[in-house]
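Okay, so here's the structure we're looking at.
2 protein chains.
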Amino acid sequence: MATLETISSIDTAPRHPIRLVANRTGLTVDLIRAWEKRYHVVEPARSDTKRRLYSDYDIERLRLIRIAKQNGRRLVDVAPMSLEALRDVVSEDSRFDAAQDNPAEVYRPSWSNPLESTDTQDAVDAMLFAIQTMDQHRFDQLLQEGLVKQALPAYLETVIGPLLREIGESTRLGKLRIAHEHMATAHLRTFIGALRFRETFTGSEPKIVITTPTGQLHELGALMIAALVSVDGWLPVYLGPNTPADEIAACAMQSGARAVSLSMTYPADDPRIPTELTRLRSQLDQKIPMFVGGSAAAHHQELIGRLGLQSPSSLNGLRQSLNELRDRGFRLQSA
Amino acid sequence: MATLETISSIDTAPRHPIRLVANRTGLTVDLIRAWEKRYHVVEPARSDTKRRLYSDYDIERLRLIRIAKQNGRRLVDVAPMSLEALRDVVSEDSRFDAAQDNPAEVYRPSWSNPLESTDTQDAVDAMLFAIQTMDQHRFDQLLQEGLVKQALPAYLETVIGPLLREIGESTRLGKLRIAHEHMATAHLRTFIGALRFRETFTGSEPKIVITTPTGQLHELGALMIAALVSVDGWLPVYLGPNTPADEIAACAMQSGARAVSLSMTYPADDPRIPTELTRLRSQLDQKIPMFVGGSAAAHHQELIGRLGLQSPSSLNGLRQSLNELRDRGFRLQSA
DNA sequence: TTTGTCTGGACAAAAGTGGGACAACATTGC
DNA sequence: GCAATGTTGTCCCACTTTTGTCCAGACAAA
């Protein structure tokens, strides 16, 4: 039974080119070579033409060293360490980081509680009050009520959207606790998700892949879009948040989607966004339009223009574009 | 489970001209020919006049190779690979790319493994098939149907749990793409979330805070617990995934919860877990029991014992503990 | 006739290699 | 506080290997 030894061991077979190592570790090719030259951080095997060939073990080492550096360690110190020592160092550092948290604060409601919600601002305020008082039942009730008063698209644009913004802003300012935000987000996830099933399904709807790119962990924007487009006779293929470009492309192909929509909110300047969008655009059939929305889209105007993506300025704009696309599709099919 | 292998087989009938292949894969015509000449990447059949005729299989190969190249692989390395090997390589790469935050949702409850009757195994297989073919409507239908046949607690334990495990495993093995897993996870999030609203609400239920600790991003285990306990007359205060210890404590205090339940699955050895659990236990009223479950709980036995946490070995065990707690509470209140 | 594909080869761009330079920054010694 | 020294990421060069594009002339398809 060699299991105990072998389980945790990492493959030391050399097979990965330097470019792949750079992709996986987030280091640059130059840097990997420089580290090797100076400190022998890793000593990769070579191909018969002197190309470096790295093992999984090497990659893990580099990854850990990078994290150690981010935690403030010096390269000279960590370079000669064994994998185990590196793991220890890294986990010790992150343990320390986790310890510094924000202090608890006294809770005091900062919104009044408008019982009769006349206009949308009142509706949002009432919901914020319910969130702050952790009154889940009331929150659900308000969400349901609002939906009765307005059609879904208007409701999403005038109530849910502003509500999300207020929640984010209030949490940032400390008016809401993270716990409140979490509870509200979880409820909204359930609520908006359930909306999609209200529409009947005929099987002939055009499909649209909806998700967020790698690094974007907030899914509510995308989920709102899924709910919205299902009203207009699209069938959303909803993938949740954080989907790699390759997977989005493959999904669009397999499902035969006619469009792709991405939502980006936070972090707005994630360096992976340009790469991912470019990759997706290049892998996707040119006839399939890509829509990008969300607050972070504004930070990538140039890229969006260069890649020829569509970036509607509002949910309504998105609806209109999709309606046109759908109708154009119908004409094509019948012609 | 031969189904999963067979349905993914690809047509090898040669019929596509090179131009179409170029359009579909995003490669140029010249490049496809060059790859063939130099590395025999694909060896298409020929028409009677020597025109190349590609099969769907060839196209898939070329598509995968293109993606592998974008991931940093060298053409020489990937050219001789089989389709399966290519799939492995590509899915491995996109999993470990600098993205590296989204390893397959491997939900392996430490607390279940009943003998799986053929009935439920069939149900799971049917769902897996729907997922693989991206038949969302069918998947929803199957989820709903299953719920009619069994009571919710049994359904969660015998169908949903095993399904999650199979999805995780299949994705790891490359039988499912990450996109499939994402779609399935998103649907399950919606489905399980909606279950909580089936129960009527009297306002007198004891509350239980349910979430996952910092670093644990997979929420389905926690959400299942929320659905489960609402059947037994608890009101879940559900916070979604990744909640810091301080926030959980504050939430328990504000809502007046009688218990806290945490789900931990991946990563099992996150160094933040001990810190967070210790912190939470110390901030929480000693009279409030903490339940921890999920596959990662097994990695922290010693800690769980030291802190005096409860770690039921099955969903049923959790139910029983909570029922006792609830009834004890009633006696206390009426006394 | 016009357009597209085929073969084989030529050529050029991209990417990798070893070596070194250099600026920004941190640390040390005084 | 300041200068000297050490650390580290980035860039440049000359050269090799790998990979993408282009061309010419023959033939096939529309």
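For the protein sequence lines, the chains are A and B, in the order given.
Those letters in the first sequence? Residues 1 to 335, by the numbering used here.
Those letters in the second sequence? Residues 1001 to 1335, by the numbering used here.
Glycine is no exception: its CB is placed at the ideal position from the N, C-alpha and C atoms.
Note that the coordinates shown come from a computational prediction; the quantities given were computed from them, not determined experimentally.
Separation of residue j from residue i, as counted between CA atoms
i	j	result
residue 262(A)	residue 185(A)	19 Å
residue 248(A)	residue 1287(B)	48 Å
residue 131(A)	residue 81(A)	49 Å
residue 1212(B)	residue 1241(B)	5 Å
residue 1125(B)	residue 1140(B)	14 Å
residue 133(A)	residue 1314(B)	33 Å
residue 1167(B)	residue 1053(B)	36 Å
residue 65(A)	residue 1269(B)	19 Å
residue 1238(B)	residue 1069(B)	43 Å
residue 309(A)	residue 15(A)	37 Å
residue 120(A)	residue 160(A)	10 Å
residue 183(A)	residue 1271(B)	25 Å
residue 302(A)	residue 274(A)	10 Å
residue 328(A)	residue 256(A)	16 Å
residue 11(A)	residue 1044(B)	35 Å
residue 18(A)	residue 150(A)	56 Å
residue 343(A)	residue 1289(B)	Examination of residue 343(A) is not possible in this model, given that chain A is present from 1 through 335 alone.
residue 1113(B)	residue 1169(B)	Annotation note: pLDDT 35 at residue 1113(B) (below 50); position unreliable, no value reported.
residue 13(A)	residue 1035(B)	27 Å
residue 300(A)	residue 243(A)	19 Å
residue 1099(B)	residue 321(A)	Confidence is the limiting factor: at residue 1099(B) the pLDDT is only 45, short of 50, which leaves the residue's position unreliable and the question unanswerable from this model.
residue 1278(B)	residue 91(A)	16 Å
residue 1292(B)	residue 1260(B)	9 Å
residue 129(A)	residue 41(A)	55 Å
residue 298(A)	residue 1039(B)	44 Å
Candidates the options: closest to residue i by CA position
i	options	result
residue 1026(B)	1067(B), 1291(B) and 1055(B)	1067(B)
residue 1285(B)	1276(B), 1301(B), 1250(B) and 1166(B)	1250(B)
residue 1319(B)	1156(B), 1181(B), 1270(B) and 1228(B)	1228(B)
residue 276(A)	196(A), 74(A) and 214(A)	214(A)
residue 1056(B)	155(A), 254(A), 233(A) and 136(A)	254(A)
residue 307(A)	146(A), 282(A) and 323(A)	282(A)
residue 348(A)	123(A), 128(A) and 157(A)	Outside the displayed span of chain A (1 to 335) sits residue 348(A), for which this structure offers no information.
Opening and closing residue of the beta strand (DSSP E) in which residue i lies
i	result
residue 291(A)	290-293
residue 1235(B)	1235-1238
residue 21(A)	Element bounds for residue 21(A): not the beta strand (DSSP E) but the alpha helix (DSSP H), 18-25.
residue 76(A)	From DSSP, residue 76(A) is part of no beta strand (DSSP E) but of the alpha helix (DSSP H) over 75-78.
Within 8 Å, strictly: CB atoms of residue i and residue j
i	j	result
residue 208(A)	residue 258(A)	yes
residue 265(A)	residue 216(A)	yes
residue 304(A)	residue 311(A)	yes
residue 62(A)	residue 29(A)	no
residue 1155(B)	residue 1147(B)	yes
residue 1232(B)	residue 1323(B)	yes
residue 336(A)	residue 177(A)	Past the edges of chain A, shown from 1 to 335, lies residue 336(A), and the structure says nothing about it.
residue 226(A)	residue 196(A)	yes
residue 206(A)	residue 326(A)	yes
residue 210(A)	residue 222(A)	yes
residue 74(A)	residue 89(A)	no
residue 1143(B)	residue 1191(B)	yes
residue 76(A)	residue 86(A)	no
residue 1060(B)	residue 1083(B)	yes
residue 1071(B)	residue 1093(B)	yes
residue 187(A)	residue 136(A)	yes
Limits of the unbroken alpha helix (DSSP H) element including residue i
i	result
residue 120(A)	120-132
residue 42(A)	From DSSP, residue 42(A) is part of no alpha helix (DSSP H); its letter is neither H nor E.
residue 1259(B)	Where residue 1259(B) is concerned, there is no enclosing alpha helix (DSSP H), although the beta strand (DSSP E) it sits in stretches over 1259-1263.
residue 1050(B)	Note, residue 1050(B): premise wrong, no alpha helix (DSSP H); not H, not E.
residue 1181(B)	1178-1195
residue 166(A)	161-173
residue 137(A)	136-149
residue 1274(B)	1272-1283
residue 15(A)	No alpha helix (DSSP H) contains residue 15(A), which DSSP labels as neither H nor E.
residue 64(A)	56-70
residue 1152(B)	1152-1155
Beta-ladder partner(s) of residue i, from DSSP
i	result
residue 1207(B)	1235(B)
residue 1213(B)	1243(B)
residue 1301(B)	According to DSSP, residue 1301(B) bridges with nothing at all.
residue 310(A)	291(A)
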